[in-house]
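Colleague:
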Amino acid sequence: MIAKETIIQAFKEQFNQEPTIVVKSPGRINIIGEHTDYNQGFVMPAAIDQYIYVAVSVRNDEELHLYSSDYEENYQTALNQDLSNAPDWSKYIIGVSEIIQTKTSKIKGFNAYVVGDVPLGAGLSSSAAFSSAIGFALNELFQIGLSRVDLAKVGQQTEHDYVGVKCGIMDQFASIMGKDNHAIQLDCRDLSGYTNLVGSKS
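Here the sequence shown is numbered in my numbering, starting from 52 and rising by one per residue.
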């Protein structure tokens, strides 16, 4: 786990101001139901105690100033721009932003700092945690009022339309809806259902 104070300090070093909001979204494991979410089946994922963290603040212009600690790379752009030269990691932030923008006029320019301890490429859905954290952060920063299910769908659409991954809904749902000591029994036809893990704390 990365301390909030560490993230705040890193944000200040990058943007010369404190973040307005710091959020985190967990990676996930899947107990049963591989490849069934996009076939409208049942899955049972669980959130883990490794996270993607996002710190954000509002800008006074329409620009997006983005920094990835894991890639040690910054990128500046605005919404609805050509993404052919955008680094892959930035497309998650831009995608979530632009999809939310189709639902509200509240999205403006912002600074975003991203760091995580979910291992990349380890099958723990770091990408879903990334899009979920961005969604949480922007939803709070701009007081948009999207539901958790809405945010999961935004994350899934980002993967489809901006990253080129035709994933199901399980990863985003697990990251957004996960609870300590719980697994999620999810019916992907209607996104319903929770159950406790056997032997978990009540």
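Glycine is no exception: its CB is placed at the ideal position from the N, C-alpha and C atoms.
The structure presented is a predicted model; accordingly, all values stated were derived computationally and were not measured.
Would you identify the three-state DSSP class for ILE80, choosing helix, strand or coil?
Modeller: Along the sequence shown, one-based indexing puts residue 80 at 29. Note: ILE80 maps to strand in three-state DSSP.
Colleague: So, for GLU113: in the same chain, excluding its five sequence neighbours on each side, which residues have a beta-carbon less than 6 Å away from its beta-carbon?
Modeller: Against the sequence shown, residue 113 aligns to sequence position 62. Closer than 6 Å at Cβ, skipping near neighbours: ALA129, GLY160.
Colleague: In angstroms, rounded to a whole number, what distance separates the CA positions of LYS142 and SER226?
Modeller: Translated into the one-based positions of the sequence shown, residue 142 becomes position 91. Translated into the one-based positions of the sequence shown, residue 226 becomes position 175. So the two alpha carbons sit approximately 19 Å from each other.
Colleague: Let me confirm a value: LEU171 is counted as buried when at least 16 other C-beta atoms fall within 10 Å, else exposed. Which label applies?
Modeller: For the purposes of this step, residue 171 is taken as residue 120 along the sequence shown, with counting starting at 1. Counting Cβ neighbours within 10 Å, LEU171 comes out exposed, since fewer than 16 surround it.
Colleague: Taking the straight line between their C-alpha atoms, what separation do you get for ASP139 and SER178?
Modeller: In the sequence shown, residue 139 corresponds to position 88, counting from 1. In the sequence shown, residue 178 corresponds to position 127, counting from 1. So the alpha carbons of these two residues sit roughly 11 Å apart.
Colleague: What residue does the alpha helix (DSSP H) around GLU64 start on, and which one ends it?
Modeller: As a first step, residue 64 must be located in the sequence shown, where it is residue number 13. Segment 55–66, the alpha helix (DSSP H) holding GLU64.
Colleague: Cα-Cα, which of LYS230, ILE53, SER182, PHE187 is closest to ILE220?
Modeller: Residue numbering aside, residue 220 sits at position 169 when the sequence shown is read from its first letter. It is SER182 whose Cα lies nearest to the Cα of ILE220.
Colleague: Determine the extent of the alpha helix (DSSP H) in which ASN111 is found, giving its start and end residues.
Modeller: Working through the sequence shown from its first residue, we reach residue 111 at position 60. Note, ASN111: premise wrong, no alpha helix (DSSP H); not H, not E.
Colleague: As a quick exercise: from ASN162, ILE72, ASP212, pick the residue whose alpha carbon is nearest that of GLU149.
Modeller: One-based indexing of the sequence shown puts residue 149 at position 98. When each option's Cα is compared against that of GLU149, the closest is ASP212.
Colleague: Do you know how far the Cα of ARG199 is from the Cα of MET228?
Modeller: By 1-based counting over the sequence shown, the position of residue 228 is 177. By 1-based counting over the sequence shown, the position of residue 199 is 148. So the alpha carbons of these two residues sit roughly 7 Å apart.
Colleague: Would you decide whether ALA184 is buried or exposed? Buried here means 16 or more other CB atoms lie within 10 Å of its CB.
Modeller: Here residue 184 is taken as the residue at index 133 of the sequence shown, counted from 1. Buried, because 16 or more other Cβ atoms sit within 10 Å of the Cβ of ALA184.
Colleague: From this set, SER156, VAL205, ALA203, which residue's C-alpha is nearest ILE195's C-alpha?
Modeller: Reading the sequence shown from its first residue, position 144 is the one you call residue 195. Among SER156, VAL205, ALA203, the Cα nearest to that of ILE195 is on SER156.
Colleague: In the DSSP output, what is LEU237 paired with across the bridge?
Modeller: Along the sequence shown, read from residue 1 onward, the residue named residue 237 stands at position 186. Beta-bridge pairing links LEU237 to VAL94.
Colleague: Within 10 angstroms of its Cβ, does THR254 collect 16 or more other Cβ (buried), or is it exposed?
Modeller: The chain is shown from 52 up to 253; residue 254 falls before or after that span and cannot be answered.
Colleague: Between the Cα of LYS154 and the Cα atoms of PHE66, SER176, VAL205, which residue gives the shortest distance?
Modeller: Taking the sequence shown and counting its residues from 1, one reaches residue 154 at position 103. Taking only the C-alpha atoms, the option nearest LYS154 is VAL205.
Colleague: With burial defined as no fewer than 16 other Cβ atoms inside 10 Å of the residue's Cβ, what is the status of GLY215: buried or exposed?
Modeller: The sequence position of residue 215 within the sequence shown is 164, counting from 1. Under this definition GLY215 is an exposed residue.
Colleague: Should TYR89 be counted as a contact of the ligand FAD given a C-beta to heavy atom distance under 7 Å?
Modeller: Here there are no bound small molecules, and the ligand FAD is not part of this structure.
Colleague: Quick check on GLN91: buried or exposed, where buried means 16 or more other Cβ atoms within 10 Å of its Cβ?
Modeller: Counted from its first residue, the sequence shown places residue 91 at position 40. Per the 10 Å Cβ criterion, exposed.
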